Structures are given as C-alpha cells and as structure tokens.
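Undergrad: Which chain is which? The protein sequence lines are A and B, in order. No gaps in the numbering here: position 416 of the first sequence is 416 in our numbering, and each next residue is one more. If you want our numbering, it's the 1-based position in the second sequence plus 437. Even glycine gets a Cβ: it sits at the ideal position worked out from N, Cα and C. These numbers come from a predicted model, not from an experiment.
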Amino acid sequence: MGLFKRHLKGIHVDYRKNTMECKTEIMPVPKRLYISMVQHIGAPCVPLVSPGDEVKVGQKIGDSDAFVSAPIHSSVSGKVIAIEDIMSSLGTKDKTIVIESDGLQTLCQGLTPPQVSTREEFVKAVRASGLVGLGGAAFPTHVKYSPKNIDDVKILIINGAECEPYITSDYRTMLESTKHVVNGARLVMKYLGLEKCYIGIEDNKPKAIAAISEEAAGDPSIEILTLRSQYPQGAERVLIYEATGRPLPPGKLPADIGVLVSNVSSVSFISRYFKTGMPMMRKRITVDGDAVCTPKNLYAPIGAQIKDVIDFCGGYKSVARKIIMGGPMMGRAIYDDDKAIIKNNNAILAFNEDQVTEHPETGCIKCGRCVASCPLDLMPTYIAKAYEAEDIDMLKKLKVTICMECGCCSYVCPAKKQLALTNRLAKKLVLEGGAAK
Amino acid sequence: MNRFEKGSLIVSSSPHVSSDTTTSKIMRDVLIALIPAMIAATVIFGARVLILTAVCIISCIIFEYIFNRIAERKSTIGDFSAAVTGAILAFNLPPNFPYWMAVIGCFVAIVIVKQLFGGIGQNFANPAITARVVLLVSFSTAMTSWPTAKPILSAADAVTAATPLSLFAKGELDSLPSNLDMLLGTIGGSAGETCAIAILIGGLYLVARKVISLVIPASFLGTMIVMSLITGNDPIFHILAGGAMLGAFFMATDYSTSPMTNGGKVVFGIGCGFLTMMIRLYGSYPEGVSFAILFMNIVTPHIDNLSRRKLYGGGGK
C-alpha cells in the first residue's frame, strides 16, 4: 500500500493567512443575540424557553429527543424577547431565540465539570456540552463518537491542517490552547479506547507544529503529522489517507475503516469543558478581508450578528461586495450581515469590489486541469457534460456523489466554469433521481 | 464607515477565488512559444515565412469572426485560439506555398474543423493538422515543393530541394544532411518545422509554464526512438526530421484533441510515435506525423473512456 501511496493532487492556493499573529480577543456580548435552533446536522432543537423568560449564561435553551442533534446553550444573560423563524446563514428559515442582554453575564448555576468514568458517560457528557464538529461540518460530535463498531476503531486523527486561505482560528487554537488540544486528544483516546493519535498540521505552521510536538513529547501514542501545504489537505478523506494510507470508500464512515477524525478546536473544547463545565457558547473565528478595518481573531458569542462582529473589528473599511462565512474555497456567501454566528463558523471574510471581480465563462478547452487537480480523482468536466444531458447513470458512473465540493476544479478552470457548482447540482440530481426510480 | 447597500452583496457558489489562468493566457503562451521557431524559419527561409504566417493568422481570425457573426455566437477571437491555429498551420506549409492556397487551408481549419463542430474545445481533430492533410491531398505539388534553405527575401523562386525524409524514402541515405544541420534546421521542409532546437526551446517554455505536460512529447518521441532502434535506423535523425518535434510539442498536445489523464496521454503519445514510424518506414508518404496525430485524435474519446481514473487512494469501484 505504502509503496503506491499517491500524493494529494489539489491546488496551490495563495494562503493569505494575514491574521496568524493576531492573538484571540474576546468580543463583548452585543445587546441582542439571535440563537438559531439549527446549528448542526440532524434534528433541529426545540426551544426550552418562552418569550419573557430570563436566561443565564450557559443555560440550556434548546434540545431535541433525536439522537442526531446537539443541545444549544445561551451565551448571554438576559431576557428572551422573541422566538421566531428567521432566515439563517444556511438559507433556511430556522426557529431562532432572540435574547436581549442584561449586560451582567450572570452564570447559570450548576455548571460544573462532568464526572465520567465510562465510555457511555463520556459520550453523554460530550452531548451535554453541545459540541458539534467545529471543522465546519457541524456533525454532532457525540454521534461521531458512538459508532456501532467502536471496538474496532483504534485511531484518532486530529485535524489541524487548516488549508483554507485566510483562516487562522485553528492555528491560534493550537498556539493559545496547546495544552487543551493535546489533553483533549488524550481524553478522547482514553474514554473511547483508542490506541493511536495523529495530529495533522500543514508545514506552513511551524510554530504550531513545534508547540504541539513539545506538549505531546514523550507520549508514544501521539504522533504529529507534518502535511505538505496544499489545499485541500484538511479534507477528511484526504487526511485519513495521508495518516493511515487507508482509502475511505464512498458511502462509508471513517469509523468503518477504524478511524475517528476530529478538529483541533473540537478536542480543545472537550478538554476545556471537562475542566470548567462551560458548554458551547462561543467560537473562535477569524475576521479578515479587505473590507474589514482591523482583521482579527476573536471569540464571538454564538448568536452574535455578523455586523456586531465586524463592528468589533473596527467596522467596514470600504464598501463590502461579498461577505463569506467560512473560507474562500468552501465558505458560504451571504446576502446580509444580520446573519448570526453559529457553532461551526470559523471565519467571516468581507471583500470589497476589487476582490470579487468575476470572470466571464468561456468554452471548455478540455485542458484537463480540473481532472488533474481533483483530490478525489473525479473528472469534473465529464460530470458537467453528463449533468447537462441529465444522464443520471453516467453521473453515478462518474461517482459524483463523493464530491466534497472543495472547489479545486472551479479554481483551476481557465474557462472559469463553475464546476464545483455543477457537481453540487449533479449530486442533487443523482440523489433525487435515485429516489424517483 | 461605509456600509454596503442592502441587497448589493454578491451571493455566489463557492469557491470565491480562482486562479488567474485563463484560456487567452494559455493561448498567448503558445504564441510566445512559437516565436523561436518563427525567428529560425525567417533566418533559414527568408522573410516570406513571416508574410505567410501573417496571412494564415489573419485569415484564421477573420474566418472565426465571420463565422461567429453568422452563427450569432459570442466572438471568440479574443481567446487567441484562432491565431494559434493560423500560426501552427503556417509552420506546416512549405515556405513558398501560395497565399491563396493557405487561405483555403485556414478556411478548412477554422470553419470546417473547428466552428462547425461547436467552436473551441468541441473539435475532435486538430484544425491545423486536418487543414494540412486537406491541402496535401488537394495541392500535392505545392505542398511538396521545398525551397532550399537560403536566407533571402524571395524564397519563392529558389531551387526545389528534397527534404531529408524524401531522401530517406528514396533510399538516398548518403545525401542525408548531418544531424547538426537537422538540429539547426538548415534543411528543406515546412516553414516552421525544420529548426528542431527552436521548437524544443518553445516546447520547454510551455512545459515550464505548465501549459503542457511532458507526457505526450516524451512518449511520442520516445516511441519513435525505440522504433528506430528496433528497425536499425538512426533515432536522432528520425526525431529531428520532418514534423516530429513540432508535432510532438505543439500539435499532439492540443487539449481538445488529446486525452485528459496521464495514462491516456501515454497511450496517445505511443500511438502517435508508432504510426509516424510505420508510415515513414513502410508507407507511401515520406512523412507521417500529420496522419498519425490525426488518427490518434479520432480515437482520443475512446482512450479517454478507457482511462477513467480510480478514486483517491484506489478506493471504491
């Protein structure tokens, strides 16, 4: 296997990690917070409070009976003034609890570190913390940590690649919360019965590699994996393959091949939660882009609106033309800055006119750059052709459903075709077409 | 503090950044890569080569423009692909080739081969090569009258010389030029194909700029070398003679008419090299590069189909 191990294709992208040296600042809680009940993959939460109720910091305000879900906590003390359906950054109308801050930030009583001794108790505690995958997927962590074949899973992979341009929040986590990252990894290994941990970090973050290596020194079960700086090195499928040489077949979960993958910020949070008992209420995010006055790394309270976050960074420097939640490769462009921060946000990027020049689309010249850059060895130009012809059988043959929408194909296309978008639409066509048949 | 106006934010699908490579930039690089061969051809055959090239480039652009107008398509002359076709076609013609015939070649290349199949990227055969083949069968005398290499302005009336390959085909091995002459291009042949060293410089520029990969040229020329050795011929002679260099670097690497995957490219290159040598050694034409590439163009969709890749890490079936 190792002999024929293939190198990641992907792309070399300008990293623009301008905020690498920006120490995380704590953003004050704004006057009003908009806490959505949909902050994870799975069942939405049901509000546990009603308009007029007083809430405290850390109080559970939303939960669900469903297994695939995670509770939501208040990041503020104050009064619930409304519960309404608001268009979220995800583009759906979600139940949102609007809380007006009393400015006191009174802590909810009974927030104590969880006491656990078994795997079940640990997973239960992780659920109670409200943790979801902070790398971006927002998959409830406790679900990920309870695969059916947990006894066959031996390897934990911690993702510290952070291959998206601009974003440095994971990097700051590794530097500022080094102990928590390593301790969190140890906790997960201990309670889930894992034997080996790989922490993957791209080689453009030597300080983080040094810090984590020093912290984990002398522990043979933890190995630092220095990854080549290449997008998308942090993609789950890619990282698993880089760490273990095990390919992840389409439709399988990492646990099926004996691996669990967590983000550095997720394990760091676990360690902090087991020390303080403070649930998921704030998120370390990078704010950058030419339309922002002072790019920063900051802790934003969950539910703060983007405009509050931008205001904390000195406001807009120039007229924003595009605001992205997440990185420029996979992030979501939003249509207004009144959207609220949710758990899996890791960056807010605001760009002005100069940075959003769109190129007109021209004809495909079949140069094959999309094929050469696809980290999963898909053939985007053929997918586009099959999509235009609505050829579902061909799309299935071309395995479009494993596309992770990393955007490499669109990035390299000299004809400026929106291949990642076509893949996305083609995936939808296959899923719907498959259901219809 | 400027805020944006409500509703003015651009909402689009990710990714929100893209590389600065565009089709026009790629074609511009190809044109730049053709400059050394252009200069060499002018020095060797005289200024008429420049005029012939200009005629081809301009008529290709005009044909493309007119066709786009008639077909009510967006004008694509700005991507420089028509200019590239014109330049490569001119390089494939004898230096004293009549201009009006060259214009017919340009018509075939742009209108028949490229635009009627849907424009850039949609043609299954290389326009310049197909045009050359059409001209060869239509005007065989003009297409096989080679002036001797002389740096004079009016090469048109020069003595007709034999190309190394026609000497080779006739078995006049003693009168073959030296390999040094072949490398420098001071031999009879098409305008832009004789100076191997200039073509090589241009080809390596394209490789360095990542416009083409070395896979096709290497497997093309490599196969020719192997076949020469097997059949007891001089491999250096064969890769320097005729259109091998120009074909391997500038025509076989044409994106739309060659396979996309590296595996497919190897098959394509080997096929080109094999057919070229078969035609040279056993066919009735002295030169086979155009026919070989044209044939491989036609089988390219099948090569592409058969060389579809496995998924990352070999996973999945």
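In the DSSP assignment, find the alpha helix (DSSP H) that holds B:Asp466 and state where it starts and stops.
TA: The sequence position of residue 466 of chain B within the second sequence is 29, counting from 1. It spans Thr460 to Phe482 - the alpha helix (DSSP H) in which B:Asp466 sits, taken as one unbroken run.
Undergrad: Roughly how many angstroms separate the alpha carbons of A:Pro113 and A:Ser129, rounded to a whole number?
TA: Stepping through the first sequence from its first residue, residue 113 of chain A is reached at position 113. Stepping through the first sequence from its first residue, residue 129 of chain A is reached at position 129. Between A:Pro113 and A:Ser129, the C-alpha separation is close to 10 Å.
Undergrad: Assuming B:Val644 is part of the alpha helix (DSSP H), what are its boundary residues?
TA: Stepping through the second sequence from its first residue, residue 644 of chain B is reached at position 207. Run containing B:Val644: Ala633 to Ala645, per the alpha helix (DSSP H) assignment.
Undergrad: Can you name, in chain order, every residue of its own chain whose Cβ lies under 7 Å from the Cβ of A:Ser373, other than the five neighbours on each side?
TA: Taking the first residue of the first sequence as position 1, residue 373 of chain A is located at position 373. Cβ neighbours of A:Ser373 beyond the five flanking positions: Lys9, Gly10, Ile11, Cys408, Cys409 and Val412.
Undergrad: Run through the DSSP bridge pairs and tell me what A:Ala82 is partnered with.
TA: Locating residue 82 of chain A in the first sequence gives position 82, where the first residue counts as 1. In DSSP, A:Ala82 forms a bridge with A:Val98.
Undergrad: Roughly how many angstroms separate the alpha carbons of A:Ser268 and A:Gln39, rounded to a whole number?
TA: Within the first sequence, numbered from 1, the residue matching residue 268 of chain A stands at position 268. Within the first sequence, numbered from 1, the residue matching residue 39 of chain A stands at position 39. Their backbone Cα atoms lie some 19 Å apart in a straight line.
Undergrad: Rounded to the nearest angstrom, what separates B:Phe686 and B:Ser656 at their Cα positions?
TA: Walking along the second sequence from the start, residue 686 of chain B turns up at place 249. Walking along the second sequence from the start, residue 656 of chain B turns up at place 219. Whole-angstrom Cα-Cα distance: 11 Å.
Undergrad: Starting from the N-terminal side, write out each stretch of the alpha helix (DSSP H) that is 4 residues or longer and does not extend beyond the stretch 627 to 711 of chain B.
TA: Counting only runs of 4 or more, we get 633 to 645, 652 to 667 and 672 to 677.
Undergrad: Evaluate A:Gln115 with the Cβ neighbour count: other Cβ atoms within 10 Å of its Cβ, from every protein chain shown; 16 or more gives buried, anything less gives exposed.
TA: Indexing the first sequence from 1 puts residue 115 of chain A at position 115. Exposed, since its Cβ has fewer than 16 Cβ neighbours within 10 Å.
Undergrad: Rounded to whole angstroms, what's the CA-CA distance from A:Asp393 to B:Thr585? Just pull it up for me.
TA: What you label residue 393 of chain A is simply residue 393 of the first sequence in a count that begins at 1. What you label residue 585 of chain B is simply residue 148 of the second sequence in a count that begins at 1. Taking the straight line joining both Cα atoms gives about 59 Å.
Undergrad: Would you kindly work out how many angstroms separate the C-alpha atoms of A:Gly160 and A:Gly245, rounded to a whole number?
TA: Here the question's residue 160 of chain A lines up with position 160 in the first sequence. Here the question's residue 245 of chain A lines up with position 245 in the first sequence. The straight-line gap from Cα to Cα measures roughly 18 Å.
Undergrad: Name, in chain order, the residues that DSSP records as bridge partners for A:Gln305.
TA: In the first sequence, counting from the first residue as 1, residue 305 of chain A sits at position 305. Answer is A:Ala340.
Undergrad: Restricting to Cα atoms, I'd like to know which of B:Glu442, B:Ser451 and B:Gly444 is closest to A:Met404.
TA: Position 404 of the first sequence, counted from the start, is the residue given in the question as residue 404 of chain A. Closest option to A:Met404, Cα to Cα, is B:Ser451.
Undergrad: Determine, using beta carbons only, whether A:Ser262 comes closer than 8 Å to chain B.
TA: For the purposes of this step, residue 262 of chain A is taken as the residue at position 262 of the first sequence. Chain B, which has no Cβ nearer than 8 Å to the Cβ of A:Ser262, makes this no.
Undergrad: Do we get a CB-CB distance below 8 Å when we pair B:Asp466 with the residues of chain E?
TA: No chain E is present in this structure, whose protein chains are A and B.
Undergrad: Of the residues A:Gly277, A:Asn204 and A:Cys313, which one's Cα is nearest the Cα of A:Val13?
TA: Against the first sequence, residue 13 of chain A aligns to sequence position 13. Closest option to A:Val13, Cα to Cα, is A:Asn204.
Undergrad: Is the shortest distance between the beta-carbon of B:Ser450 and the beta-carbons of chain A less than 8 Å?
TA: Position 13 of the second sequence holds residue 450 of chain B. So yes, B:Ser450 belongs to the interface.
Undergrad: Identify the contact partners of B:Ile447 in chain A, using a Cβ-Cβ distance below 7 Å as the criterion.
TA: Within the second sequence, the letter at position 10 stands for residue 447 of chain B. The answer, in chain order, is Arg321, Lys322, Ala333 and Val356.
Undergrad: On a CA-only basis, which of A:Leu376, A:Ser318, A:Gly331 and A:Lys339 is nearest A:Glu353? Give me that one, please.
TA: Residue mapping note: residue 353 of chain A aligns to position 353 of the first sequence, counting from 1. Nearest of A:Leu376, A:Ser318, A:Gly331 and A:Lys339 to A:Glu353, Cα basis: A:Ser318.
Undergrad: Let me make sure I understand the geometry here. Which of B:Ile667, B:Pro532 and B:Ser449 has the alpha-carbon closest to that of B:Ile488?
TA: Position 51 of the second sequence, counted from the start, is the residue given in the question as residue 488 of chain B. Residue B:Pro532 is the option with its Cα nearest to B:Ile488.
Undergrad: Counting only beta-carbon separations shorter than 8 Å, does B:Arg745 have a partner in chain A?
TA: In the second sequence, the residue the question calls residue 745 of chain B occupies position 308. Yes - at least one Cβ of chain A is within 8 Å of the one on B:Arg745.
Undergrad: State the Cα-Cα distance for the pair A:Ile306 and A:Ile348, rounded to the nearest angstrom.
TA: Residue numbering aside, residue 306 of chain A sits at position 306 when the first sequence is read from its first letter. Residue numbering aside, residue 348 of chain A sits at position 348 when the first sequence is read from its first letter. Those two C-alpha atoms are separated by around 8 Å.
Undergrad: Which same chain residues end up closer than 7 Å to A:Lys95 when comparing Cβ atoms and leaving out the 5 residues on each side of it in sequence?
TA: Residue 95 of chain A sits at position 95 when you count from the first residue of the first sequence. Contacts found: Met37, Pro44, Pro47, Ile83 and Asp85.
Undergrad: Against chain A, which members of the stretch 499 to 531 of chain B pass a CB distance test of less than 8 Å?
TA: Taking 8 Å as the Cβ-Cβ cut-off against chain A, the residues of the stretch 499 to 531 of chain B that qualify are Thr513, Asp516 and Ser518.
Undergrad: Based on the DSSP secondary-structure assignment, which residues constitute the bridge partners of A:Ser36?
TA: The residue labelled residue 36 of chain A in the question sits at position 36 within the first sequence. DSSP lists A:Thr96 as partners of A:Ser36.
Undergrad: Rounded to whole angstroms, how far is the Cβ of A:Glu242 from the Cβ of A:Gly277, which I believe are closer than 8 Å?
TA: One-based indexing of the first sequence puts residue 242 of chain A at position 242. One-based indexing of the first sequence puts residue 277 of chain A at position 277. Going by Cβ atoms, the distance from A:Glu242 to A:Gly277 rounds to 35 Å, so no, they are not a contact pair.
Undergrad: Closer than 9 Å between beta carbons: that is the criterion. Which residues of the stretch 555 to 588 of chain B meet it against chain A?
TA: Cβ contacts with chain A come from Gly555, Gly556, Ile557, Gly558 and Gln559.
Undergrad: Is A:Val126 helix, strand or coil by DSSP?
TA: Residue 126 of chain A sits at position 126 when you count from the first residue of the first sequence. DSSP places A:Val126 in helix when its eight states are reduced to three.
Undergrad: Could you give the uninterrupted runs of the alpha helix (DSSP H) lying entirely in the stretch 503 to 532 of chain B, keeping only those of 4 residues or more?
TA: Runs found: 518 to 528.
Undergrad: What are the boundary residues of the alpha helix (DSSP H) that includes B:Asp741?
TA: For the purposes of this step, residue 741 of chain B is taken as the residue at position 304 of the second sequence. Note, B:Asp741: alpha helix (DSSP H), Val726 to Leu743.
Undergrad: Let me know if A:His359 comes out buried or exposed under the rule of 16 or more other beta-carbons within 10 Å of its beta-carbon.
TA: For the purposes of this step, residue 359 of chain A is identified with residue 359 of the first sequence, where counting begins at 1. Flag for A:His359 reads exposed.
Undergrad: Is A:Val68 closer than 8 Å to A:Ile61 when the C-beta atoms are compared?
TA: Within the first sequence, residue 61 of chain A is the residue found at index 61, counting from 1. Within the first sequence, residue 68 of chain A is the residue found at index 68, counting from 1. Against a cut-off of 8 Å, the Cβ pair of A:Val68 and A:Ile61 comes out as no contact.
Undergrad: Kindly identify the DSSP beta-bridge partner or partners of A:His223.
TA: Within the first sequence, numbered from 1, the residue matching residue 223 of chain A stands at position 223. For the sequence presented, residue 223 of chain A should be read as Glu rather than His. Per DSSP, A:Tyr198.
Undergrad: Please list, in chain order, the chain A residues whose beta carbon lies closer than 9 Å to that of B:Thr459.
TA: What you label residue 459 of chain B is simply residue 22 of the second sequence in a count that begins at 1. Correct list: His359, Thr362, Pro414, Ala415 and Lys416.
Undergrad: Could you list which residues in chain A have their beta carbon closer than 7 Å to that of B:Arg440, in chain order?
TA: The count along the second sequence starts at 1 and reaches residue 440 of chain B at position 3. Per Cβ cutoff of 7 Å: Tyr316.
Undergrad: Where does B:Trp583 land, buried or exposed, given buried means 16+ other C-beta within 10 angstroms?
TA: Position 146 of the second sequence holds residue 583 of chain B. By the neighbour-count rule (16 or more Cβ atoms within 10 Å), B:Trp583 is buried.
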